[in-house]
Each structure stands twice: as structure tokens, then as C-alpha cells.
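Notes follow the structure.
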Ligand code: B12
Ligand code: SF4
């Protein structure tokens, strides 16, 4: 009889497909295991489903955990599972536990933490559970031994993701995600890791600046087969840096064209990558359906870009924006304000650049976030030596909110108030679907920095409250 492995996705506000769980589930032998992905965003009563699944020869309960609110849900569910099935091991994997394995294991219900790329480690872990063998020496995990002491095994080196089988999307209810996200979209991850070294980002710690991407041919085969099955209209590449290898990008676009796939697609791009991309590649990408890219602009002052080791120049951002306009491609820019000791001039320069970019195209959107120190990088190390106190428990990390508008350690209340007004009015001023008279008032407000009596803002917020992100 097959053993049941439950893979749990904690509650979150967006409906992206649970790719991490699909990745580790697809690597397991389905002749040996019944794999049940249970997603709190989809199931009405996830705990009941978990109970039913684990009652059927359950061998392991595993969950993927991002920092912030998902911790709360994952912790609560792990405690319930441990209460119901004390003999079944509880495993945590993903970004948060990989960065904080020892802290995570302080939670009594968690037995094992898988660090970094999980496919091979998880398969080997299950084999140890099945044969009831000690976890001694299993690379890439931290765990509690029989004496309840935390043991940290050596790290595992990342392997080429081309060695892994195709994602088995049958493990999830694909149409349910499409319905909830409001678009017939397929989430797909074509590469893992990132070669860059931005000093605020956890990726260099997680994947040690390694990067592997699927071959274009493999992606052509997989995406065509998936399209025949699900007839999606858009592919959202969830990679950290999709445009890392321009030859690969060109070949992928050619695969889509060759197979006549009637799809649009989205990918993540660094501003310098956009500048290095040949005109021919831009053209082919557009022809193959490239609809939008996401560019981590981060800051609008060279001083800050250098401080965060973004390794780009301001003109790269404008030059990539110009290319996107030329080929009628949208951009979601991501901006971070309030880095440690960031000067008022730097903050103002960033806001001014956001305004300039917004004026360039109605297809440009701006996501403006406040810097929140997060370990696993150079800035955090520097802050630690200066005495900055990071969260030390799962409970504290579960309250961590990357997108909070309430607090920033390096911005005054007045600055935050102005930035919040700016965020609201730049949306209103440049969104295509807004009422013209409101757009004009908003343009005047951001130009003059006149944010007194923000009645339009209050009205909009009352009519359309924004959902909390974490
Ligand atoms: C999709 C996504 C989301 C989805 C989450 C979907 C879900 N499952 O619930 C949504 C939109 C909800 C989301 C939200 C956020 N996200 Co997000 N997100 C991503 C994204 C783009 C893709 C994740 C993914 O599926 N990757 C593909 C899989 C295959 O890779 P993986 O996750 O690394 O998984 C591998 C290993 O980690 C491991 N593994 C993972 N889980 C498990 C579980 C087990 C049991 C095992 C054994 C192994 C294992 O094995 C996997 C295969 O090798 C990543 C960037 C990226 N490319 O990874 C950012 C990323 C994870 N997000 C990030 C951030 C900052 C956020 C937000 C804070 C953004 C914001 N401003 O709001 C929020 C907040 C999260 C929250 N607190 O609610 C950061 C890191 C966050 C962190 N430290 O936890 C990332 C890395 C982006 C970045 N570079 O900054 N996100
Ligand atoms: S911010 Fe982007 S480019 Fe920089 S290290 Fe992180 S994933 Fe790579």
C-alpha cells in the first residue's frame, strides 16, 4: 500500500500556484507515494483534509514557509498535526526555515528543516523515514535527534535543475488557481537562484549565487504540452532573474513561435540585462508574446544603488524603459525606500525618478516598499554589528511585514506620510482607467507636493480597501 505524503501550502493572499510543493512532489516516485498537496488558499477546511490524508498510511507532513504571516498558519497547522499524529514527522522547507533552521526547530512540533533546493534532500529524507533510519549525515537538513537536541548537518550543493523531471501539475487543481487569480494564467519557474549580489536580498545566501535554467527545448515541450491540456492564455515566469542568459531567452521565445503558442508571458529582468539584450532578442520576445517585465529598480539615486550593490547605473533603468516603450512592453518596477541612513535627497531622487518613469508610459507600474532589514546579506550583517536587533523567534517573524506602511526604522513619520500620499496619487495620476478630472488633480498634487485635504484618497480607500499583503 502506498504511503501518503502531505505537502501543505499555508494561507497567503495571492493565488500563485504552489510551485515549491509541485517541485518537490514531482521528484517523488508516485508508484511508492500518494502525494497530496493541500493549499489553505484553496481548501475550505485544510485541517480536515490533512487529517483524512494522513490517516491513510501517512508517512510525512511537510510545509513550505515564507517569512511573515504564513509562519502563523504553518505553525498552527503543524501543532495540530503533531497532536493528532505524534509519530508522523513534521518537515518545514522553503525560504524562512532555510534562513533560520535552528530558530525554527525551537518550535516543538517541527522535527526537520530542509535547507535550500529541496527535491533530492526531501526524497532521501522520506527514504530514511520509511526505513526508520537515523538522519545522521543527511546533507542539507537540520533536525532534532532522539535526545531532542538540534543537529545541523552540512549544506548541500545546488544541482542543475535540468536533472529534475517536468513539474507534475496534476498534483494541483490548475483550473481552481486560474479561477481564483482571475486570469487563465500558468505559473512556471524556469530557473533557480541568481548570480548577483544585492546586499539587501536573501537570494545570494539561499542559493549561494548559483543559477540554473531549464533548456529552451525542454521548456518548449513542457509548455506546449501544458497548453494543450489547460489552454491558458498567459505564462507567468516566477524566476528571480528570468533574463539571466540572453541566448536562452531568445531560444525560449523561438520555441513559443515555432510551436505557434497563442500565449502572452511575463518575466523578471534586471535593468542592465535589458540594456545588454540585442534588438533582435527584444523583437523575438515581443513576437512570442512578451507582455510585461518586472524590473527591480530599487532606488533613484546612484549613491543608494551603489550602497545596495545593485551593480547597475541609473541610465540602465531609463534605457531599459525606453526599450520596453519601443516594443510596447509593460514594466512593473519594484522600488525600496528607507535604506539604513538613506538621506532625504536620496529619497526625493527616488520619488522624482518614479514620477519621470510613470510619465514615460501608461504601461509602467510602480510597487513602492519600505526597506525592512532581513538577515542573510551584507546590510543585515552591518546592522547587527551596530546593535540592530532582529526577531529571534518564529512568533516574532510571523509578525514581520515587508510592506508595512506603519513603520520604517530610517524614515520620519512626516516622510512616510508624504510617501504614502505620493504612492496613492501617482497611481491615480497615471492609471489608464481613472476618471480624467481625478487624474489631472492627482498630477497637480504630485507635481506641487500638495497633499492637504486628500479627499480623493479617503474616498477611494473607503470604496476599495487595499488587501493586506502578508
Ligand atoms: C510565488 C511567490 C510568492 C507567492 C507565494 C505562493 C505560495 N506558495 O504561497 C506570494 C505572491 C503569496 C508571495 C508573497 C510574498 N513574497 Co514571494 N515569492 C514568490 C516567488 C516569485 C516564487 C516562489 C516559488 O514558487 N519558487 C519556485 C520554487 C520551486 O522555488 P523555492 O520556493 O525556492 O522552492 C525550493 C526550495 O526553497 C525548497 N522548498 C521550498 N519549500 C519547501 C518545502 C519543503 C517541505 C521542502 C522539503 C523544500 C522546500 O525546495 C524547492 C525546490 O527546490 C519567489 C521568488 C523565487 N523565484 O523563488 C518570491 C519570494 C519567495 N518572495 C519573497 C517575498 C519578499 C515575498 C513578499 C514579502 C512580497 C511582498 N512584498 O509582499 C510576500 C509575503 C509573503 C508573506 N509573508 O505572505 C522573497 C523571500 C521571502 C522570504 N524570505 O520568505 C522571494 C525570494 C523574492 C525575493 N527575492 O525577494 N510570494
Ligand atoms: S535583488 Fe534580484 S538581482 Fe539582486 S540578488 Fe536578489 S534576486 Fe538577484
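Residue numbers (my numbering): 146 to 615. All C-beta atoms, glycine included, are put in the ideal place defined by N, C-alpha and C.
Test: residue i CB closer than 8 Å to a CB of chain D
{"i": "residue 511", "result": "Protein chains in the displayed structure number just one, and chain D is not present."}
Assigned secondary structure, residue i (DSSP; H/G/I helix, E/B strand, else coil)
{"i": "residue 646", "result": "In the structure as shown, the chain begins at 146 and stops at 615. Residue 646 is therefore absent and cannot be evaluated."}
{"i": "residue 200", "result": "helix"}
{"i": "residue 302", "result": "coil"}
{"i": "residue 165", "result": "helix"}
{"i": "residue 442", "result": "strand"}
{"i": "residue 223", "result": "helix"}
{"i": "residue 462", "result": "helix"}
{"i": "residue 212", "result": "coil"}
{"i": "residue 207", "result": "strand"}
{"i": "residue 580", "result": "coil"}
{"i": "residue 567", "result": "helix"}
{"i": "residue 449", "result": "helix"}
{"i": "residue 435", "result": "strand"}
{"i": "residue 327", "result": "coil"}
{"i": "residue 600", "result": "helix"}
{"i": "residue 477", "result": "strand"}
{"i": "residue 482", "result": "strand"}
{"i": "residue 377", "result": "coil"}
{"i": "residue 344", "result": "coil"}
{"i": "residue 146", "result": "coil"}
{"i": "residue 409", "result": "strand"}
Rounded distance between the beta-carbons of residue j and residue i, thought under 8 Å
{"i": "residue 212", "j": "residue 383", "result": "Between residue 383 and residue 212 the Cβ distance is about 17 Å, and since that is not below 8 Å, they are no contact."}
{"i": "residue 306", "j": "residue 359", "result": "6 Å"}
{"i": "residue 463", "j": "residue 514", "result": "Actually they are not in contact, since the Cβ atoms of residue 463 and residue 514 sit about 21 Å apart, beyond 8 Å."}
{"i": "residue 334", "j": "residue 164", "result": "5 Å"}
{"i": "residue 543", "j": "residue 216", "result": "4 Å"}
{"i": "residue 354", "j": "residue 342", "result": "7 Å"}
{"i": "residue 226", "j": "residue 242", "result": "Between residue 242 and residue 226 the Cβ distance is about 16 Å, and since that is not below 8 Å, they are no contact."}
{"i": "residue 350", "j": "residue 521", "result": "4 Å"}
{"i": "residue 265", "j": "residue 304", "result": "7 Å"}
{"i": "residue 316", "j": "residue 167", "result": "6 Å"}
{"i": "residue 564", "j": "residue 482", "result": "6 Å"}
{"i": "residue 171", "j": "residue 312", "result": "5 Å"}
Residue i versus residue j - alpha carbon distance
{"i": "residue 446", "j": "residue 539", "result": "35 Å"}
{"i": "residue 198", "j": "residue 291", "result": "26 Å"}
{"i": "residue 363", "j": "residue 385", "result": "19 Å"}
{"i": "residue 189", "j": "residue 424", "result": "49 Å"}
{"i": "residue 222", "j": "residue 381", "result": "29 Å"}
{"i": "residue 320", "j": "residue 377", "result": "9 Å"}
{"i": "residue 437", "j": "residue 275", "result": "46 Å"}
{"i": "residue 526", "j": "residue 158", "result": "31 Å"}
{"i": "residue 453", "j": "residue 192", "result": "42 Å"}
{"i": "residue 397", "j": "residue 600", "result": "48 Å"}
{"i": "residue 357", "j": "residue 340", "result": "10 Å"}
{"i": "residue 471", "j": "residue 591", "result": "27 Å"}
{"i": "residue 461", "j": "residue 422", "result": "12 Å"}
{"i": "residue 300", "j": "residue 500", "result": "45 Å"}
{"i": "residue 530", "j": "residue 553", "result": "19 Å"}
{"i": "residue 200", "j": "residue 251", "result": "26 Å"}
Strand pairing of residue i, partner residues [DSSP]
{"i": "residue 289", "result": "295"}
{"i": "residue 333", "result": "382"}
{"i": "residue 154", "result": "184"}
{"i": "residue 357", "result": "337"}
{"i": "residue 414", "result": "440"}
Check: residue i C-beta below 7 Å from any heavy atom of ligand 3
{"i": "residue 344", "result": "The ligand content of the structure shown is limited to ligand 1 and ligand 2, which means ligand 3 is not among them."}
> Which ranges would you report for the beta strand (DSSP E) in the region 167-198 if only whole runs of at least 3 residues count?
Replying inline: 178-184
> In chain order, which continuous runs of the alpha helix (DSSP H) of length 4 or greater are located wholly inside the region 231-294?
Replying inline: 240-244, 246-249, 264-276
> What runs of the beta strand (DSSP E), each 3 residues or longer, lie entirely inside the region 490-558?
Replying inline: 509-515
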